[in-house]
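Okay, structure first, notes after.
Below is the structure:
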């Protein structure tokens, strides 16, 4: 694992721009996520939350601006070593259909620099499944045989399998009932605290924000409209944030976009 | 439409077509460089060999046997017009080995393998499984594309060889049982007439067609748009492109082997 420098923020985005054709999604986004903290980015659908997250990982290349991870430019150095610092829970789980659950969880542990014997990888996978509340008998099932909530848990187990320093959560509660959403939110909070990881979550589920966040950033019109500790969110006085967190149709954010 | 607008539209279409050729060529070059570079994924290669090679055998065998049989009937009927019925073994052999074997196997592989690769990879893209691979430090070109193209390169020539033999067997069966040919004479004529170049051309065509079929499936899968419609479009485009490229390549290779 790469040695982290405590003086740098874990993630820093500086004037990041990204357009797809005429659609200017990010228009100078600035964001700083301190080490070991949990940042939740909120914003309406299509405001560029996923683009921001994928830009940090290098899945999308920004048109301009800089992204630093632990003080170093995100694209520099060994790509595998860079990605080994991250775990990610995708919105739909993104589990590999053709592999049983345990091989999904242990995917990174069976290939590349972190490769270890299959039996050991399986044991770690079962331990991680247990950590997210799944029984060992799930390990040999295929993802298609699991419910949406179980798939999210498997995705979470995969995200934490290699003990990453940074974990990204892309809409972790989308498509889940309120009780399962609460379970996933609590799990994310527990795991992030337990591992001391830096977390970046994108969501528009306000229950997730309150359960997961240390800090909140609101993305609107391609820039961070407001950012601050979650405790200050309700008294921010920012009309955009107020409209969003109270779910009002009236306000500066157009309801029809 | 004014002549100028027509010219502009023609120019745009030409540029788009050339850009497409460039993208596909770069993708193919990238596939081969990733094939040679570690890490290698033997499990993925073994699964692809099974899917593309072994599981395509039934459809290849059925296509070849019916084509060989029909070819024998056609040549017999056509040859009878100028008392040349006896050439059935030679024409079936040369027709199957040089042309129909590789082309029909190539087209069946385009239908069966290209479509399945494109739909699978496109679905993986739409459901963010490709992004997940990248975040798990796994290069999709190495993990998904290279094993499939390598498996097609290795197995389609074998499928073509099997198709050639079964096609000739189909012609033999019809000729011996329905058209009154002598069994031993039919086989002797077939073996005597075929030359090594016929067989080599058939297998080389198979290798090209296999690479085309798998590469088109992977390319269109990786380029897929969003949603079910994106997957459908990618699958359709991959089969169309593979089929046309296989037929065009067949024409060029036939020229290279037999006319130059």
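Chains as they are written, first to last, in the working numbering: chain A, 505 to 761; chain B, 58 to 317.
Backbone N, C-alpha and C define an ideal beta-carbon position, used for all residues, glycine too.
Are residue 206/B and residue 279/B touching if we call contact CB-CB under 8 Å? no
Distance between residue 586/A and residue 595/A (C-alpha atoms, nearest Å): 22 Å
Whose Cβ in chain A lies nearer than 7 Å to the Cβ of residue 142/B? Near residue 142/B there are no residues of chain A at all, since even the closest Cβ is about 53 Å away, more than 7 Å.
What first and last residue would you give for the alpha helix (DSSP H) that runs through residue 160/B? 158-166
Please classify residue 309/B: is it buried, with 16 or more other beta-carbons within 10 angstroms of its beta-carbon, or exposed? exposed
Can you give the Cα-Cα distance for residue 708/A and residue 161/B, rounded to whole angstroms? 53 Å
Would a check of beta-carbon distances place residue 594/A closer than 8 Å to chain B? yes
Between which two residues does the beta strand (DSSP E) containing residue 528/A stretch? 527-537
Residue 188/B at chain A interface by Cβ criterion, 8 Å: yes
Inside the stretch 595-675 of chain A only - beta strand (DSSP E) runs reaching at least 3 residues: 670-674
Test: residue 318/B CB closer than 8 Å to a CB of chain A: In the structure displayed, chain B extends from 58 to 317; residue 318/B sits before or after that span and is not available.
Taking residue 147/B as the reference, give the member of 228/B, 261/B, 168/B and 192/B with the closest Cα. 228/B
Which two residues bound the contiguous beta strand (DSSP E) that contains residue 719/A? 719-724
With a cut-off of 8 Å on the beta carbons, I'd call residue 164/B and residue 128/B a contact; round off their distance for me. Not a contact, Cβ separation roughly 16 Å.
Spatial neighbours of residue 755/A in its chain, beta-carbon cut-off 7 Å, leaving aside the 5 residues before and after: 743 and 747
Using a C-beta cutoff of 8 Å, does residue 526/A count as contacting chain C? Of the protein chains in the structure, A and B, none is chain C.
Would you give the residue range spanned by the alpha helix (DSSP H) that residue 762/A belongs to? The question about residue 762/A has no answer, for chain A in this structure spans 505 to 761.
Only counting the same chain, and skipping five residues up and downstream in sequence, which positions put a Cβ closer than 6 Å to that of residue 181/B? 187
Could you pull out every residue in the same chain whose Cβ sits closer than 6 Å to the Cβ of residue 245/B, ignoring the five residues on either side in sequence? none
Output yes if chain A places a C-beta closer than 8 Å to the C-beta of residue 90/B; else output no. no
According to DSSP, is residue 101/B part of a helix, a strand, or is it coil? helix
Do we get a CB-CB distance below 8 Å when we pair residue 96/B with the residues of chain A? yes
Of the listed residues 233/B, 154/B and 289/B, nearest to residue 252/B (C-alpha basis): 154/B
If residue 295/B and residue 288/B are in contact, beta carbons under 8 Å, what's the gap, nearest whole angstrom? About 11 Å; that fails the 8 Å criterion.
Starting from the beta carbon of residue 281/B, find every residue of chain A whose beta carbon is closer than 8 Å, and list them in chain order. Under the 8 Å cutoff, chain A gives no residues; its nearest Cβ is about 15 Å from residue 281/B.
Between the alpha carbons of residue 523/A and residue 555/A, how many angstroms are there, rounded? 10 Å
Where does residue 542/A fall in DSSP's three states? strand
Compute the Euclidean distance between the alpha carbons of residue 505/A and residue 576/A, then round it to the nearest angstrom. Here residue 505/A scores only 45 on pLDDT, less than 50, and its place in the model should not be relied on; the value that follows carries that caveat. Spanning the two alpha carbons is a distance of roughly 15 Å.
From residue 297/B to residue 731/A, what does the alpha carbon distance come to, in whole angstroms? 51 Å
Report the residues of the stretch 596-608 of chain A with a CB closer than 7 Å to any CB of chain B, ordered along the chain. 596, 598 and 600
Span of the beta strand (DSSP E), counted from its first residue to its last, around residue 524/A: 515-524
So is residue 312/B buried or exposed if we call it buried at 16+ other beta carbons inside 10 Å? exposed
Buried versus exposed call for residue 720/A [16 or more other C-beta atoms within 10 Å across all chains shown]: buried
Would you verify that the beta carbon of residue 505/A is, or is not, closer than 8 Å to some beta carbon of chain B? With a pLDDT of 45 at residue 505/A, under the threshold of 50, the modelled position of that residue is not reliable, and the figure given next carries that caveat. No, its Cβ sits nowhere closer than 8 Å to a Cβ of chain B.
From residue 652/A to residue 638/A, what distance separates their C-alpha atoms? 13 Å
Quick one: is residue 105/B near chain A, going by C-beta distance under 8 Å? no
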